[in-house]
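Shown next, in structure tokens, is the structure this report addresses.
Shown next, in the form of structure tokens:
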């Protein structure tokens with residue numbers, strides 16, 4: 185499996201097409217979203233970027249990714265938590281892509 189980028193993590197937490205994920209992956213994505221949101225909302229500019237990124241603008245998603253990178257560089261424990269969940273989510277996505285099946289057994 186290829187390394188998971190911060191941009192991929194940000195895309196996951198703002199994902200609106202839930203059919204792409206298993207129920208287990210969705211729960212992890214929601215947990216990841218909450219962890220990231222809680223960390224970044226302490227910074228007013230990052231919170232504005234989070235709110236703007238809900239519209240799925242590429243520029244706004246990139247801003248959130250930049251704030252996330254800074255937070256991960258500043259706090260090793262936070263970075264490990266984010267990376268750990270992202271790895272678990274990435275594994276779920278890989279399994280779904282490799283098997284060609286999503287959530288309820290429906291072929292991709």
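In my numbering, the protein residues as written are 185 to 292.
Just so it is clear, CB atoms sit at the ideal spot from N, CA and C, and this is done for glycine as well.
Only a predicted model underlies this, so the values are computations on that prediction, with no experimental measurement involved.
One thing to note: residue 194 has its Cβ within 9 Å of the Cβ of residue 248. Around residue 190, the same chain offers 249, 252, 253 and 256 as residues with beta carbons nearer than 8 Å, after the five sequence neighbours per side are excluded.
If you look at residue 222, you'll find it in the alpha helix (DSSP H) that goes 207 to 224. If you ignore the 5 residues before and after residue 198, its C-beta comes within less than 7 Å of the C-beta of 237, 238, 240 and 245, all in its own chain and listed in chain order. In this structure, the straight-line span from the alpha carbon of residue 269 to that of residue 229 is close to 25 Å. Residue burial is scored here from C-beta neighbours: residue 225 has fewer than 16 other C-beta atoms within 10 angstroms and is therefore classed as exposed.
Burial of residue 212 is indicated by the presence of at least 16 other C-beta atoms within 10 angstroms of its C-beta.
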